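Heads up, the thing below is written out as structure tokens.
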Amino acid sequence: MHELISNFPLKASNTFGIDASAKHYLKIDSSSELIHFFKNNRFLLEEDRLFLGAGSNLLFLKDYDGLIIHPSISGISVVKDEKNEVEVACGAGISWDYFVSWCVENGLQGAENLSLIPGNIGAVPVQNIGAYGTEASSIISEVIGVDMNNLEEISLNHNNCEFGYRTSLFKEKLKESFMVTSVVFKLSKLHNYKIQYEGLKDRINILGGINLQNIRKAVIAIRQSKLPDPAEFGNAGSFFKNPVITKAEAQTLKNMNPDIPLYPVDSGNVKVAAGWLIDKAGWKGKSLGRASIHSKQALVIINSGGATGEEIFRLSEVVAQDVFKKFKITLEREVQII
Ligand code: EPU
């Protein structure tokens with residue numbers, strides 16, 4: 013069943029809680045239905061389009077003058093079961109954290125460090141979500157979706173997805189032309205845990221030792237201690253990416269700020285913690301209108317109540333300008349601006 017609605021209110025469809033609307037909103041349950049719908053309604057292919065899952069990584073600056081497509085595709089099924097590995101196909105409409113809990117309950121390793129990340133499966137490869145030493149790309153073996161140019165279902169294997177730090181082919185080159193309908197994850201029956209992230213091991217030990225359940229519990233506890241609950245304060249997690257700078261630039265910064273958190277990227281580059289830069293620039297807990305920098309994690313901007321998308325965007329501009337003034341580093345947004 014599909015549903016096409018005009019003037020659709022988006023407030024409940026974005027985790028910032030921005031009160032915008034969409035000219036058209038289409039909810040579909042399967043890829044065949046999507047293909048069938050557009051073959052019979054080709055005029056809608058002329059409109060600007062946006063694929064919207066749980067709306068946890070975008071900011072609406074105004075009403076959306078186009079078609080929003082919401083995949084409500086369900087289903088989790090084992091497609092391959094081998095001695096040490098299992099491949100699981102998951103519909104784009106399933107909540108990511110539900111999938112993580114399913115993996116943990118079934119003794120499958122690979123997704124547990126990404127517990128409690130908001131959003132649906134469809135956005136996972138697009139954004140290549142990551143946290144606590146893991147990126148989703150490390151367990152994605154195949155992405156299946158519809159090519160909106162010819163309305164055919166296609167499948168891309170891992171190597172063709174051009175995964176990078178919070179990016180992929182689907183976020184760049186195929187941005188409006190490929191709608192993810194399902195993702196195949198490769199999970200392990202052997203448990204090669206990744207617990208190097210600062211503080212994770214200690215939390216796990218307090219919980220009674222390393223296993224999938226305790227890693228999930230520890231990650232959830234860390235996230236809840238730092239990140240605001242969107243049900244309480246609208247937000248989209250990290251607003252900016254952690255910038256990548258050269259080793260020489262990092263050395264200059266380190267000389268002036270010995271405590272600056274830096275992470276190796278490759279032989280010539282390192283990543284700087286944007287949250288630290290914003291915090292050091294004095295913005296933690298500060299507000300501009302009804303938008304605020306979260307008091308426990310400066311990388312997160314929150315809607316303190318009734319903020320417009322413009323208000324949140326303005327705060328991000330002011331903060332980025334100030335960070336540039338103080339550290340000569342350009343902050344790039346992680347959140348998609350619509
Ligand atoms: N820091 C501060 N002040 C702050 C925030 C951070 O000094 O206000 C310092 C921390 O003390 C730490 C460093 O900066 O030394 C890094 O902070 P944290 O471990 O909280 O992680 P992050 O780099 O700020 C990234 C991801 C998060 C992910 C965490 C944990 C990005 C843009 N963000 O944040 O992802 O949960 O690591 O792995 O890469 C998201 O993408 O929405 C997200 C929340």
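Heads up: the sequence shown begins at 13 in the working numbering, then just goes up one per residue.
The C-beta atom is built at its ideal place from N, Cα and C for all residues, glycine as well.
Treat the numbers as computed from the prediction; the structure is a model and nothing was measured.
query                                                                                               : result
Cα-Cα separation between Gly396 and Trp114, rounded to whole angstroms                              : Since the first residue shown for the chain is 13 and the last is 350, residue 396 is missing from the structure and cannot be characterised.
Sub-8 Å separation of Gly246 and Phe28 beta-carbons                                                 : yes
Proximity winner among Ser279, Ile313, Arg302, relative to Trp295 (alpha-carbon distances)          : Ile313
Reference Ile152, options Ala332, Thr258, Ser167, closest by Cα                                     : Ser167
Close Cβ partners of Gly318 (< 7 Å) along its chain, the five nearest in sequence each way excluded : Arg302
Residue from Gly145, Thr193, Lys292 with nearest C-alpha to Cys102                                  : Thr193
Residue closest to Glu61, alpha-carbon to alpha-carbon, out of Ile80, Leu70, Phe49, Ile129          : Checking the sequence shown, residue 61 turns out to be Arg, not Glu. For the residues Ile80, Leu70, Phe49, Ile129, the minimum Cα distance to Arg61 belongs to Ile80.
Expected contact under 8 Å - CB spacing of Ile222 and Ile207 to nearest Å                           : 7 Å
Rounded C-alpha distance that separates Cys173 from Glu58                                           : 26 Å
Spatial distance of Gln236 from Ala332 (CA atoms)                                                   : 26 Å
Under the three-state DSSP convention, the category Tyr110 falls into                               : helix
Spatial distance of Phe336 from Gly211 (CA atoms)                                                   : 30 Å
Alpha carbon of Asn315 to alpha carbon of Ala262, nearest angstrom                                  : 32 Å
Endpoints, the beta strand (DSSP E) within which Val277 is located                                  : Segment: none, Val277 is in no beta strand (DSSP E) and carries neither H nor E.
Beta-carbon spacing of Phe63, Leu163 below 8 Å                                                      : no
Thr264 in three-state terms, based on DSSP                                                          : helix
beta-carbon Asn254 near the ligand EPU non-hydrogen atom, thresh 7 Å                                : yes
Helix, strand or coil at Pro137 [DSSP, three-state]                                                 : helix
heavy atom of the ligand EPU below 7 Å from Asp109 C-beta                                           : no
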